[in-house]
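For reference, the structure discussed in these notes is given below.
Numbering (our numbering), first residue to last: 671 to 833.
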């Protein structure tokens, strides 16, 4: 991957990738593996970007798909991916693992279904229902109801009423 491509096309969206990867991993090592795999897949498939959506929307969708695929592979194969390194720019952003209240929120988000994790992350990024629907691949009318249910579930989890 050229450093120019990384600097211009991935790094500005690192926060998006980091948030999605954090929601689907339980350790720093897994997080680094997922982050690297997402970046690799962006680089490998960037020529397939047709401009039918915003670049950031495409990044979200690709990141979600990669994380879901890795999660399924890990569940099915108990496969572990080798980790070389995480770029310094991403390490600075990933220090949120040390923030206790944020970690508690991510722990609660990890208890949601795989699809609900993606929906709530997009909602927290202040994406419109239409944008969320485009990224997830569903109808925007369903997003409002789904978000309401997710927020209720998260509240119960954070209040300790759900295991």
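Think of the CB as a built atom: it goes at the ideal place given N, C-alpha and C, for glycine as much as any other residue.
Because the structure is a prediction, the values reported are computed rather than measured.
With burial defined as no fewer than 16 other Cβ atoms inside 10 Å of the residue's Cβ, what is the status of residue i: buried or exposed?
i: residue 838; result: Nothing about residue 838 can be read from this structure; the chain reaches only from 671 to 833.
i: residue 801; result: buried
i: residue 706; result: buried
i: residue 797; result: buried
i: residue 717; result: exposed
i: residue 678; result: exposed
i: residue 702; result: buried
i: residue 673; result: exposed
i: residue 715; result: exposed
i: residue 772; result: exposed
i: residue 700; result: buried
Between residue i and residue j, is the Cβ-Cβ spacing less than 8 Å?
i: residue 730; j: residue 820; result: no
i: residue 693; j: residue 779; result: yes
i: residue 732; j: residue 711; result: yes
i: residue 793; j: residue 810; result: no
i: residue 695; j: residue 683; result: no
i: residue 784; j: residue 741; result: yes
i: residue 675; j: residue 713; result: yes
i: residue 828; j: residue 774; result: yes
i: residue 737; j: residue 691; result: yes
i: residue 720; j: residue 782; result: no
Under DSSP, the alpha helix (DSSP H) around residue i begins and ends at which residues?
i: residue 699; result: 698-715
i: residue 818; result: 810-828
i: residue 834; result: Only positions 671 to 833 of the chain appear in this structure, which leaves residue 834 out of reach.
i: residue 787; result: 784-794
i: residue 720; result: Careful: residue 720 lies outside any alpha helix (DSSP H) and carries neither H nor E.
i: residue 689; result: 684-693
i: residue 799; result: 799-806
For the ligand HEM, is there a heavy atom less than 7 Å away from the beta-carbon of residue i?
i: residue 801; result: Absent from the structure shown: the ligand HEM. Ligands present: none.
Counting beta carbon pairs with one atom in the region 782-789 and one in the region 807-825, are three or more of them shorter than 8 Å? yes
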